[in-house]
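So the structure is just underneath, and the comments pick up after that.
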């Protein structure tokens with residue numbers, strides 16, 4: 342009983358959601374955009390999960406921290 346050769350698992354390459362011609366700008370006042378990159382516990386989601394490039398991840402983290410400091414986003418979600 343020979344089995345058919347299995348095809349290797351193909352993982353689609355993720356692209357940065359902030360790069361491209363009509364990508365949204367990272368702004369600390371845009372809380373709806375920033376809240377997509379915060380976990381349900383209030384932590385910043387890592388770039389390996391969100392597929393954000395390293396440069397944009399630094400900008401995103403800075404914007405989230407700035408929005409937290411100004412009270413636009415919570416530090417912790419209970």
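Numbering (the working numbering), first residue to last: 342 to 419.
Note that beta-carbon positions come from the ideal geometry of N, C-alpha and C, so glycine has one too.
Everything numeric in this text was worked out from a predicted model, so none of it was measured.
In the DSSP assignment, the alpha helix (DSSP H) including residue 395 goes from what residue to what residue? Counting from 1 along the chain shown, the entry for residue 395 is found at position 54. That run of the alpha helix (DSSP H) goes 395–410.
Report yes if the CB atom of residue 405 is closer than 7 angstroms to the CB atom of residue 374, and no otherwise. Taking the first residue of the chain shown as position 1, residue 405 is located at position 64. Taking the first residue of the chain shown as position 1, residue 374 is located at position 33. Remark: C-beta atoms of residue 405 and residue 374 do not approach each other more closely than 7 angstroms.
Under the three-state reduction of DSSP, which class applies to residue 367: helix, strand or coil? Numbered from its first residue, the chain shown carries residue 367 at position 26. Looking at residue 367 - three-state DSSP - the assignment turns out to be coil, as it is neither helix nor strand.
Does the Cβ-Cβ distance between residue 361 and residue 418 come in under 7 angstroms? The residue labelled residue 361 in the question sits at position 20 within the chain shown. The residue labelled residue 418 in the question sits at position 77 within the chain shown. In this structure, residue 418 does not lie closer than 7 angstroms to residue 361 by Cβ.
For residue 418, which three-state DSSP category applies? Stepping through the chain shown from its first residue, residue 418 is reached at position 77. Reduced to three states, the DSSP call for residue 418 is coil.
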